[in-house]
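*Asks:* One structure coming up, written as structure tokens, with questions to follow.
2 protein chains.
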Amino acid sequence: MRGRDEGPMTKPAPTAEQDRRRLPPQERRAQIVDAAVSFFADEGLDGNTRDLAKRLGVTQSLIFKYFDNKQALLEAVYAHVYLDRISPDWSDLLRDRSRTLRDRMITFYSEYGDRIFDYAWMRIFMFSGLAGADLNRRYLTHLSQTLLLPMLDEIRHEVGRDDAVTPEDLWSLHGGIVYIGIRKHIYKMPVPADPLPEIVRVIDRFLASIGHGPAH
Amino acid sequence: MRGRDEGPMTKPAPTAEQDRRRLPPQERRAQIVDAAVSFFADEGLDGNTRDLAKRLGVTQSLIFKYFDNKQALLEAVYAHVYLDRISPDWSDLLRDRSRTLRDRMITFYSEYGDRIFDYAWMRIFMFSGLAGADLNRRYLTHLSQTLLLPMLDEIRHEVGRDDAVTPEDLWSLHGGIVYIGIRKHIYKMPVPADPLPEIVRVIDRFLASIGHGPAH
DNA sequence: CCCGCAAGTGATCGCATGATCAATAAGCGG
DNA sequence: CCGCTTATTGATCATGCGATCACTTGCGGG
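Protein chains in written order, with our numbering: chain A, -8 to 207; chain B, -8 to 207.
As structure tokens, this is what we get:
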């Protein structure tokens, strides 16, 4: 059994680079991880390796040449998906008092939204959360420590009163924004194509409610 | 193999009703569904029927005497879990202009929270959402039509301006509250034991931001 | 041009899981 | 107390899936 086209005298016809049969290991490995991210995002973490192989156009056994077992593949998927999801700049951005608080929060959540309103990310995060992966708790703890709590400090500093806002308040703000992505990618509900206007509205409502309208 | 206790002359020892071997079909069926709800909430929708049977203390084959196949069992689980999750009273409650808007919203979200901040509900809702079940979209559409849009009307009526608040704004409010349950039951993060105070704060912030403080 | 390394394949193993069915025994009516 | 109905069991089948391995073949270096 060969690829396609049984016509005589037809060369392998390398229409493009992607038809190449043999790839350098590093490249193939990356290709498998990429496909696995998209595949497990669709099918869930117990999607089977035969279907994944089918998507890749290779045999199932090849996957196990690059990963000792499925768990190792999943860990590569996690690493690929969780990597660089939180920018190291955001912590400083949020503390940069040369900019208005509103400006900082909008910039942060705008950039954060760009990174997390992503089909594969949202779904794999949710799948691994449901599976009880510790990764999620570590991610959220890190998010809280490096971003939400600094944001809390800045808000309290701006308002001048510490009792005006609590960590839970910031989780609610955060949830209101993240929920846009959940509705879109988990529940497949219609949401605005561009989430930025709603992000701005949520932040403005939040600031207005603690006495800091857009004017500030 | 018998229950426990190999001592001589010990009767079947019906310590309680629950040790009974044979149950009336209706009762056994309900028992299976109950256990399945809790089981699939823990393990995900592809938890296996042998482990479920183990929890029930019956054989795996018995489950298939009550349900033609696993899919039928899952549908019974959905029906049991989705049933009565939205009270028919809430729609009227939200429109009851003899009460303040704040009071109505707090009452609604307090009662709503009581019903959805539930381990099995949250997880099965999320599992079925990820699996692409249409049930979730129907549930959320229903929620929007019967509760969020009426709430929107009431808010607009109260504020006197229609452009002060959009449907998306209400989804963000909703998300901010629901996210408490997601953090607790999906991500297993620490959250306040009683969510009510935070619910009140979220609603008060929302109302304050559109010029309707707690005083109104 | 062709040799040899290793990327890729195909067949297969063992186990888990959904589903089936004949055999068993619990418990009720008489 | 007996016998019948049927709830429940235990054994078994078929299939799907992770994993392994001997082999084949693409392809770069000499």
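From the three backbone atoms N, C-alpha and C, an ideal C-beta is built for every residue, glycine too.
From a predicted model like this one, the values you see are computed outputs, not experimental measurements.
Can you list, in chain order, the residues of its chain whose CB lies under 7 angstroms from that of I99 of chain A, leaving out five sequence neighbours each side?
*Replies:* Along the first sequence, one-based indexing puts residue 99 of chain A at 108. Before going on, a small fix: residue 99 of chain A reads as Phe here, not Ile. Hits under 7 angstroms: W81, L84, L85.
*Asks:* Would A27 of chain B pass as a contact of L53 of chain B if the rule is Cβ separation under 8 angstroms?
*Replies:* Counting from one through the second sequence, the residue named residue 27 of chain B turns up at place 36. Counting from one through the second sequence, the residue named residue 53 of chain B turns up at place 62. Result no, Cβ atoms of A27 of chain B and L53 of chain B do not sit closer than 8 angstroms.
*Asks:* Any beta carbon of chain B sitting closer than 8 angstroms to that of N60 of chain A?
*Replies:* The residue you call residue 60 of chain A lines up with position 69 of the first sequence. No, because no Cβ of chain B sits closer than 8 angstroms to the Cβ of N60 of chain A.
*Asks:* For chain B, find out if any of its Cβ atoms is closer than 8 angstroms to the Cβ of N39 of chain A; answer yes or no.
*Replies:* Taking the first sequence and counting its residues from 1, one reaches residue 39 of chain A at position 48. Closer than 8 angstroms: no.
*Asks:* What's the C-alpha gap between E34 of chain B and N60 of chain B?
*Replies:* Looking up residue 34 of chain B in the second sequence gives position 43. Looking up residue 60 of chain B in the second sequence gives position 69. Rounded to whole angstroms, the separation of the alpha carbons of N60 of chain B and E34 of chain B is 18 angstroms.
*Asks:* State the CB to CB distance for the pair S101 of chain A and I171 of chain A, rounded to an integer number of angstroms; the pair is presumed to be in contact (CB under 8 angstroms).
*Replies:* For the purposes of this step, residue 101 of chain A is taken as residue 110 along the first sequence, with counting starting at 1. For the purposes of this step, residue 171 of chain A is taken as residue 180 along the first sequence, with counting starting at 1. I171 of chain A and S101 of chain A do not touch by the CB rule: their CB atoms are close to 12 angstroms apart, not below 8 angstroms.
*Asks:* Under the three-state reduction of DSSP, which class applies to V182 of chain A: helix, strand or coil?
*Replies:* Residue mapping note: residue 182 of chain A aligns to position 191 of the first sequence, counting from 1. Residue state for V182 of chain A is assigned as coil, using DSSP reduced to three classes.
*Asks:* Cα separation between H212 of chain A and A124 of chain B?
*Replies:* Examination of residue 212 of chain A is not possible in this model, given that chain A is present from -8 through 207 alone.
*Asks:* Run through chain A and tell me which residues come within less than 7 angstroms of Y73 of chain B, C-beta to C-beta.
*Replies:* Sequence index remark: in the second sequence, residue 73 of chain B carries index 82 (1-based). Near Y73 of chain B there are no residues of chain A at all, since even the closest Cβ is about 14 angstroms away, more than 7 angstroms.
*Asks:* Just to confirm, is the Cβ distance from L36 of chain B to F116 of chain B under 8 angstroms?
*Replies:* Position 45 of the second sequence holds residue 36 of chain B. Position 125 of the second sequence holds residue 116 of chain B. No; because the gap between Cβ atoms is not below 8 angstroms, this pair is not in contact.
*Asks:* For D160 of chain B, go through chain A and note every residue whose CB falls closer than 7 angstroms to its CB, in chain order.
*Replies:* Indexing the second sequence from 1 puts residue 160 of chain B at position 169. Correct list: R192.
*Asks:* First and last residue of the alpha helix (DSSP H) that includes H133 of chain B?
*Replies:* Within the second sequence, the letter at position 142 stands for residue 133 of chain B. Per DSSP, H133 of chain B belongs to the alpha helix (DSSP H) from 125 to 134.
*Asks:* To the nearest angstrom, how far is the alpha carbon of G151 of chain B from that of L140 of chain B?
*Replies:* On the second sequence, residue 151 of chain B is found 160 positions in, with the first residue counted as 1. On the second sequence, residue 140 of chain B is found 149 positions in, with the first residue counted as 1. Going from the Cα of G151 of chain B to the Cα of L140 of chain B covers about 16 angstroms.
*Asks:* Is it the case that the segment 127 to 142 of chain A contacts the segment 126 to 144 of chain B, given that we only count it when at least three CB pairs across the two stretches are under 8 angstroms?
*Replies:* no
*Asks:* Assuming L164 of chain A and G167 of chain B make a contact with CB atoms under 8 angstroms, what is their CB distance in whole Å?
*Replies:* Within the first sequence, residue 164 of chain A is the residue found at index 173, counting from 1. Within the second sequence, residue 167 of chain B is the residue found at index 176, counting from 1. Taking 8 angstroms as the upper bound for CB-CB distance, L164 of chain A and G167 of chain B are in contact here, some 7 angstroms apart.
*Asks:* Could you check the C-alpha separation between L138 of chain A and L198 of chain A for me, to the nearest Å?
*Replies:* Translated into the one-based positions of the first sequence, residue 138 of chain A becomes position 147. Translated into the one-based positions of the first sequence, residue 198 of chain A becomes position 207. Those two C-alpha atoms are separated by around 17 angstroms.
*Asks:* By the 10 Å Cβ neighbour count, where 16 or more other Cβ atoms means buried, how is A32 of chain A classified, buried or exposed?
*Replies:* Walking along the first sequence from the start, residue 32 of chain A turns up at place 41. Buried.
*Asks:* Starting from H71 of chain B, trace the alpha helix (DSSP H) both ways and give me its first and last residue.
*Replies:* The count along the second sequence starts at 1 and reaches residue 71 of chain B at position 80. Element bounds for H71 of chain B: 61 to 73.
*Asks:* Please state whether DSSP places A155 of chain A in a helix, a strand or coil.
*Replies:* Position 164 of the first sequence, counted from the first residue, corresponds to residue 155 of chain A. For A155 of chain A, the secondary structure class from DSSP, reduced to helix, strand or coil, is helix.
*Asks:* Nearest by alpha-carbon distance to D195 of chain B: which of B:A21, B:D94, B:T50 is it?
*Replies:* Looking up residue 195 of chain B in the second sequence gives position 204. Ranking the options by Cα distance to D195 of chain B, first place goes to B:D94.
*Asks:* Ordered along the chain, which non-local residues of its own chain (more than five positions away) have a Cβ less than 8 angstroms from that of L14 of chain B?
*Replies:* Mapped onto the second sequence, residue 14 of chain B falls at position 23. The residues are Q22.
*Asks:* For I77 of chain B, does the three-state DSSP call read helix, strand or coil?
*Replies:* Taking the first residue of the second sequence as position 1, residue 77 of chain B is located at position 86. Three-state result, I77 of chain B: coil.
*Asks:* Can you pull the chain B residues whose beta carbon is under 7 angstroms from the beta carbon of T149 of chain A, in chain order?
*Replies:* Mapped onto the first sequence, residue 149 of chain A falls at position 158. Before going on, a small fix: residue 149 of chain A reads as Glu here, not Thr. Neighbours of E149 of chain A on chain B: none; closest Cβ ~15 angstroms, over 7 angstroms.
*Asks:* Compare the C-beta of R196 of chain A with all C-beta atoms of chain B and state if any pair is closer than 8 angstroms.
*Replies:* Along the first sequence, read from residue 1 onward, the residue named residue 196 of chain A stands at position 205. Chain B, which has a Cβ nearer than 8 angstroms to the Cβ of R196 of chain A, makes this yes.
*Asks:* Are there any heavy atoms of the ligand HEM lying less than 7 angstroms away from the beta-carbon of Q51 of chain B, as far as the coordinates show?
*Replies:* Absence of the ligand HEM from the depicted structure is noted, as is the absence of any ligand whatsoever, leaving it without description.
*Asks:* So, does the CB of I177 of chain B fall closer than 8 angstroms to a CB anywhere in chain A?
*Replies:* Within the second sequence, the letter at position 186 stands for residue 177 of chain B. Answer yes: the Cβ-Cβ gap between I177 of chain B and chain A drops below 8 angstroms somewhere.
*Asks:* With burial defined as no fewer than 16 other Cβ atoms inside 10 Å of the residue's Cβ, what is the status of S200 of chain A: buried or exposed?
*Replies:* For the purposes of this step, residue 200 of chain A is taken as residue 209 along the first sequence, with counting starting at 1. Answer is buried; the Cβ neighbour count reaches 16.
*Asks:* Checking 8 angstroms against the spacing of the C-beta atoms, do R88 of chain A and W112 of chain A come in under that value?
*Replies:* Looking up residue 88 of chain A in the first sequence gives position 97. Looking up residue 112 of chain A in the first sequence gives position 121. Result no, Cβ atoms of R88 of chain A and W112 of chain A do not sit closer than 8 angstroms.
*Asks:* Compute the distance between the beta-carbons of R114 of chain B and Y57 of chain B, then report whether it is under 8 angstroms.
*Replies:* By 1-based counting over the second sequence, the position of residue 114 of chain B is 123. By 1-based counting over the second sequence, the position of residue 57 of chain B is 66. No, the Cβ-Cβ distance between R114 of chain B and Y57 of chain B is not below 8 angstroms.
*Asks:* Closer than 8 angstroms, CB to CB, is V68 of chain A near chain B or not?
*Replies:* Taking the first residue of the first sequence as position 1, residue 68 of chain A is located at position 77. It does not; no Cβ of chain B falls within 8 angstroms.
*Asks:* Measure the Cβ-Cβ separation of E159 of chain B and L92 of chain B and say whether it is below 8 angstroms.
*Replies:* Stepping through the second sequence from its first residue, residue 159 of chain B is reached at position 168. Stepping through the second sequence from its first residue, residue 92 of chain B is reached at position 101. Not in contact: E159 of chain B and L92 of chain B (Cβ atoms no closer than 8 angstroms).
*Asks:* On a Cα-Cα basis, can you pick out the residue from B:M180, B:E145, B:L64, B:L74 that is closest to G38 of chain B?
*Replies:* Against the second sequence, residue 38 of chain B aligns to sequence position 47. Selected option, being the one with the closest Cα: B:L64.
*Asks:* Using beta carbons (cut-off 8 angstroms, strictly below), is L211 of chain A in contact with chain B?
*Replies:* Beyond the ends of chain A as shown, which are -8 and 207, falls residue 211 of chain A; an answer cannot be given.
*Asks:* Counting C-beta neighbours from all protein chains within 10 Å, is the total for G48 of chain B 16 or more, i.e. buried, or is it exposed?
*Replies:* Counted from its first residue, the second sequence places residue 48 of chain B at position 57. The residue is exposed, with fewer than 16 neighbouring Cβ atoms inside 10 Å.
*Asks:* Assign V49 of chain B to one of three DSSP states: helix, strand, or coil.
*Replies:* By one-based count along the second sequence, residue 49 of chain B stands at place 58. Coil at V49 of chain B, not helix or strand.
*Asks:* What first and last residue would you give for the alpha helix (DSSP H) that runs through G104 of chain A?
*Replies:* Within the first sequence, residue 104 of chain A is the residue found at index 113, counting from 1. Note, G104 of chain A: alpha helix (DSSP H), 92 to 107.
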